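Enquirer: Here's a structure for you.
Protein chains in written order, with my numbering: chain A, -4 to 201; chain B, 9 to 656.
Now the structure itself:
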């Protein structure tokens, strides 16, 4: 097997809020890597977090060994955020000056913001902050694109598509097709393929 | 979509969640009977096996609670079937009485108890550690250290149980159960089990006698049990799941088990200490293999015990080292007890790096380019805590709104005893801090039964308890019977959302189908309450007006227990998900905002994520992505600015 990882282990975090399809996104990436012969460990925090809490998946991808499901601090190579505030939360612990970020700009307000106890930062401010603590940050509104497809949930697969376009990981379209066929009901395959391709183009367009 | 557990062929590699790996291991062992009670992080094991029950000829059931689950699985074993019982750590406490007796007698067909535990209480009300049960009740304990081992050791647990004729516990943790990794599949056997309970022999004939825990039999039973444990010890001396990596004479020996071995491995790799530090990973943690441990203890003076939960390994290895002091010499131990590792909470690679560097006195400073300080500074303002909350359209929000306002209107310092489920969040802001006591499954009702009897001591506060539908059957029923028999003055509110919602809608005795989807009789909570002669009311929590009247009426009554069943399916349930009952809209002319005097009741107090305050327009707004269309908010706005149009 040819090892085309930029770093080994490659440390990827996919983060978001409960209900955004974070877990499926990380499984799809993991399955795509395993299908190509890599070792993958995914550490997931879910459970109570599906009730509006932060969700985070740690993916450790390697050609040689299985790694800890909890990533050591400051070791992320890439953060994929389905929600912008969550990108900042993750960067504060796992970020470093070389980290890359892919970020959905559509906020999901925490309950503390809804009731007026907390303030959700201005979108422009969030983008500036993320840019200031990453080596390369790309932003897109996958929620809007996903709603155009009929459901905000497709934002997760769009983000995976966007990740594939960065070239950091070997993610050929045909491997995605093979993996998604096994992961979801047949009737949803086509729309997820479209979501993946839209996500891919979100990055290319920049 | 197919089941990865059943479809994946032998020698193929797949990405499996730890729980799926355990399920696959059970299938490879030829399991016949699978039982459990849902609880994070264990639930997926029974769920996945239920999906392949037909294909693999399994009997799978979600039992009413963990004790019954273990008894059903034990019956499987006594009938000669390979059986597995699955639960989270707290469930082992519920099952403990039966477990003691099953372990004392032993088993016929294999019996494997899987306990998935939650160091760090990521999704629990405790950091319970079940490992001490293995020592206390004298049965073998296995702890897989990665995903492949989760599968392989699950399979081995069945073989071991059959060899030893006793129950074997397989312990997983959240970071294994809910994490995923590469697993190479083994063979799925063809099985054709036959179930017979043989009682033709004498009581001490383990395979053929009656199974009796008579006082006169306890001495020989316990001797037999201890012989099995001694046999396990000899097996464990040679187990492939106990591994050592490192130099012959290490400067430091790490002894660890479970997922902590991955943290230790990664810490050593980051520190480049693999040539100086030895790593002894134990897969068999009770009974400990004394010869194996003696060998490695003898090679090193400094011993670092790395484990989550109680200092189970630490205490037992220290005992062993004391027994073997002449052979292995005097050791210095590091671990949770001396503060090298924090005494509570889960571990991770960073904590191990700190521990190892402090023991070896190696200076270790992660490269600092000011990134951390800057990112933390941004996060302090840019990423406020995302508090857990009820989902948009959750019936619990309406229920707690009602209970809270009824107790306030009643104005006698009434309080609510809580229970375990999503509705535990009723103790927090999203439930208006209504719950004042929150501990174990069923304990809210039990305590309310107590509080309701203290009028003779001048206690005049109204007492309420709340429980879910699954919890009602699990542990609330005996406490409710207690309250009826002792005529306790209290109100039980059953939040019936049609399933075990917190853990993913597993069925319970009130559900129309079982684990495998087979149609089963539904037990009616209302009828059960009527049968024990208790006043019972039923209402829909989304009907704020009607339910409030019932609640106030129940609060006026006194001297006996009363029950209110609030029925409304969970917003995420298959019945409700993605289908709105109401389309909500805002009449911005009617919303008076700050000048209304309602104190932004909708967002500041009610706090549904489907409602957002538009800070630009100073008006309420519906979040169309999140709103589930329950329509409750339309009934709380005093000016009628929120309108609900029935669409279903």
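We treat Cβ as the ideally placed atom computed from N, Cα and C, and that holds for glycine.
Being a predicted model, the structure only gives us computed values, none of them experimental.
In the DSSP assignment, what residue or residues form a beta bridge with residue 179 of chain B?
Expert: For the purposes of this step, residue 179 of chain B is taken as residue 171 along the second chain, with counting starting at 1. Paired residues: B/123.
Enquirer: Which residues in chain B sit within 7 Å of residue 113 of chain A, going by Cβ to Cβ distance?
Expert: Taking the first residue of the first chain as position 1, residue 113 of chain A is located at position 118. Those within 7 Å of residue 113 of chain A in chain B are 392.
Enquirer: With 7 Å as the C-beta to C-beta threshold (strictly closer), list the residues of the region 71 to 89 of chain A near chain B in chain order.
Expert: Here the close residues are 80, 83, 84, 86, 87.
Enquirer: Once DSSP output is grouped into helix, strand and coil, what is the label at residue 6 of chain A?
Expert: Start at 1 with the first residue of the first chain, and residue 6 of chain A comes out as number 11. Strand at residue 6 of chain A.
Enquirer: Report buried or exposed for residue 168 of chain A, applying the criterion of at least 16 other Cβ atoms within 10 angstroms of its Cβ.
Expert: For the purposes of this step, residue 168 of chain A is taken as residue 173 along the first chain, with counting starting at 1. Answer is exposed; the Cβ neighbour count stays below 16.
Enquirer: Can you tell me whether residue 12 of chain B is helix, strand or coil according to DSSP?
Expert: Position 4 of the second chain holds residue 12 of chain B. Residue state, collapsed to three classes: helix.
Enquirer: Closest to residue 146 of chain A by C-alpha separation, out of A/-3, A/14, A/117, would be which residue?
Expert: Residue 146 of chain A sits at position 151 when you count from the first residue of the first chain. Taking only the C-alpha atoms, the option nearest residue 146 of chain A is A/14.
Enquirer: Got a sec? Which residues, its chain only, sit under 7 Å from residue 268 of chain B by beta carbon, not counting five neighbours each side?
Expert: Position 260 of the second chain, counting from 1, holds the residue named residue 268 of chain B. Taken in chain order, the residues that qualify are 314, 315, 316, 355.
Enquirer: Can you give the Cα-Cα distance for residue 513 of chain B and residue 581 of chain B, rounded to whole angstroms?
Expert: Here residue 513 of chain B is taken as the residue at index 505 of the second chain, counted from 1. Here residue 581 of chain B is taken as the residue at index 573 of the second chain, counted from 1. Near 7 Å, if we compare the C-alpha coordinates of residue 581 of chain B and residue 513 of chain B.
Enquirer: Which class does residue 442 of chain B belong to by DSSP, given the choice of helix, strand or coil?
Expert: Within the second chain, residue 442 of chain B is the residue found at index 434, counting from 1. Coil.
Enquirer: Closer than 9 Å by beta-carbon distance: list the chain A residues that pair up with residue 190 of chain B, in chain order.
Expert: Position 182 of the second chain, counted from the start, is the residue given in the question as residue 190 of chain B. Correct list: 29, 33, 34, 35, 36, 61.
Enquirer: If we cut at 8 Å on Cβ distances, does residue 615 of chain B have a partner in chain A?
Expert: Working through the second chain from its first residue, we reach residue 615 of chain B at position 607. For residue 615 of chain B, the answer is yes, since a Cβ of chain A falls inside 8 Å of its Cβ.
Enquirer: Alpha carbon to alpha carbon, how far is residue 421 of chain B from residue 560 of chain B? Give it in angstroms, no decimals.
Expert: The count along the second chain starts at 1 and reaches residue 560 of chain B at position 552. The count along the second chain starts at 1 and reaches residue 421 of chain B at position 413. Straight-line Cα distance between these residues: approximately 14 Å.
Enquirer: Have a look at residue 186 of chain A and residue 75 of chain A and give me their C-alpha separation to the nearest angstrom.
Expert: Residue mapping note: residue 186 of chain A aligns to position 191 of the first chain, counting from 1. Residue mapping note: residue 75 of chain A aligns to position 80 of the first chain, counting from 1. Each residue's alpha carbon lies about 21 Å from the other.
Enquirer: Going by DSSP, which residues form a beta bridge with residue 24 of chain B?
Expert: Walking along the second chain from the start, residue 24 of chain B turns up at place 16. The partner list for residue 24 of chain B (beta bridge, DSSP) reads B/189.
Enquirer: Got a sec? Which residues, its chain only, sit under 7 Å from residue 600 of chain B by beta carbon, not counting five neighbours each side?
Expert: Taking the first residue of the second chain as 1, we reach residue 600 of chain B at position 592. The answer, listed in chain order, is 647.
Enquirer: So what's residue 107 of chain A in DSSP terms, helix, strand or just coil?
Expert: Your numbering for residue 107 of chain A matches position 112 in the first chain. Here residue 107 of chain A sits in helix by DSSP.
Enquirer: Starting from residue 166 of chain B and walking both ways along the alpha helix (DSSP H), at which residues does that stretch end?
Expert: Here residue 166 of chain B is taken as the residue at index 158 of the second chain, counted from 1. Residue 166 of chain B -> alpha helix (DSSP H) spans 155 to 172.
Enquirer: So, are the CB atoms of residue 67 of chain A and residue 37 of chain A less than 8 Å apart?
Expert: In the first chain, residue 67 of chain A corresponds to position 72, counting from 1. In the first chain, residue 37 of chain A corresponds to position 42, counting from 1. Not in contact: residue 67 of chain A and residue 37 of chain A (Cβ atoms no closer than 8 Å).
Enquirer: Taking buried to mean at least 16 other C-beta atoms within 10 Å of its own C-beta, is residue 78 of chain A buried or exposed?
Expert: Stepping through the first chain from its first residue, residue 78 of chain A is reached at position 83. When all chains shown are included, residue 78 of chain A counts as buried.
Enquirer: For residue 604 of chain B, which of helix, strand or coil comes out of DSSP?
Expert: Here residue 604 of chain B is taken as the residue at index 596 of the second chain, counted from 1. If DSSP states are grouped into helix, strand and coil, residue 604 of chain B belongs with the helices.
Enquirer: Taking the alpha helix (DSSP H) that residue 79 of chain B falls in, what are its first and last residues?
Expert: For the purposes of this step, residue 79 of chain B is taken as the residue at position 71 of the second chain. Taken as a continuous stretch (DSSP letters only), the alpha helix (DSSP H) holding residue 79 of chain B covers 74 to 86.
Enquirer: Have a look at B/110, B/655, B/640 and flag the residue whose alpha-carbon is nearest the alpha-carbon of residue 400 of chain B.
Expert: Position 392 of the second chain, counting from 1, holds the residue named residue 400 of chain B. Checked all of B/110, B/655, B/640; the closest Cα to residue 400 of chain B is B/640.
Enquirer: Going along chain A in order, which residues have a C-beta closer than 8 Å to the C-beta of residue 278 of chain B?
Expert: Numbered from 1 along the second chain, position 270 holds the residue referred to as residue 278 of chain B. Chain A residues near residue 278 of chain B: 67.
Enquirer: Of the residues B/192, B/565, B/130, which one's Cα is nearest the Cα of residue 156 of chain B?
Expert: Position 148 of the second chain, counting from 1, holds the residue named residue 156 of chain B. Comparing Cα positions, the closest option is B/192.
Enquirer: What's the C-alpha gap between residue 430 of chain B and residue 504 of chain B?
Expert: What you label residue 430 of chain B is simply residue 422 of the second chain in a count that begins at 1. What you label residue 504 of chain B is simply residue 496 of the second chain in a count that begins at 1. Those two C-alpha atoms are separated by around 12 Å.
Enquirer: Indicate whether residue 402 of chain B and residue 579 of chain B have their beta-carbon atoms separated by less than 8 Å.
Expert: Within the second chain, residue 402 of chain B is the residue found at index 394, counting from 1. Within the second chain, residue 579 of chain B is the residue found at index 571, counting from 1. Yes, the pair counts as a contact, with Cβ atoms nearer than the cut-off.
Enquirer: Quick one: which chain B residues come within Cβ less than 7 Å of residue 187 of chain A?
Expert: Indexing the first chain from 1 puts residue 187 of chain A at position 192. Neighbours of residue 187 of chain A on chain B: none; closest Cβ ~12 Å, over 7 Å.
Enquirer: Let me confirm a value: residue 18 of chain A is counted as buried when at least 16 other C-beta atoms fall within 10 Å, else exposed. Which label applies?
Expert: Here residue 18 of chain A refers to the residue found at position 23 when the first chain is read from its first residue. So residue 18 of chain A counts as buried.
Enquirer: Measure the Cβ-Cβ separation of residue 33 of chain B and residue 187 of chain B and say whether it is below 8 Å.
Expert: Residue mapping note: residue 33 of chain B aligns to position 25 of the second chain, counting from 1. Residue mapping note: residue 187 of chain B aligns to position 179 of the second chain, counting from 1. In this structure, residue 187 of chain B does not lie closer than 8 Å to residue 33 of chain B by Cβ.
Enquirer: Short check: CB of residue 567 of chain B to CB of residue 495 of chain B, under 8 Å?
Expert: The count along the second chain starts at 1 and reaches residue 567 of chain B at position 559. The count along the second chain starts at 1 and reaches residue 495 of chain B at position 487. For residue 567 of chain B and residue 495 of chain B, yes; Cβs fall inside 8 Å.
Enquirer: Taking residue 2 of chain B and residue 638 of chain B to be in contact with their CB atoms under 8 Å, please state how far apart those CB atoms are, rounded to whole angstroms.
Expert: Absent from the model: residue 2 of chain B. The displayed extent of chain B is 9 to 656, so no value can be given.
Enquirer: Hey, could you find the ends of the alpha helix (DSSP H) residue 113 of chain B is sitting in?
Expert: Taking the second chain and counting its residues from 1, the one referred to as residue 113 of chain B is at position 105. It spans 97 to 113 - the alpha helix (DSSP H) in which residue 113 of chain B sits, taken as one unbroken run.
Enquirer: Under a three-way DSSP split, which group does residue 33 of chain A fall into?
Expert: Here residue 33 of chain A corresponds to residue number 38 of the first chain, with the count starting at 1. Of the three classes helix, strand and coil, the one that applies to residue 33 of chain A here is coil, per DSSP.
Enquirer: What residues match up with residue 545 of chain B in a beta bridge as DSSP calls it?
Expert: One-based indexing of the second chain puts residue 545 of chain B at position 537. Residue 545 of chain B pairs with B/572.
Enquirer: Please report the distance separating the alpha-carbon of residue 656 of chain B from that of residue 589 of chain B.
Expert: Here residue 656 of chain B refers to the residue found at position 648 of the second chain. Here residue 589 of chain B refers to the residue found at position 581 of the second chain. Taking the straight line from one Cα to the other gives about 5 Å.
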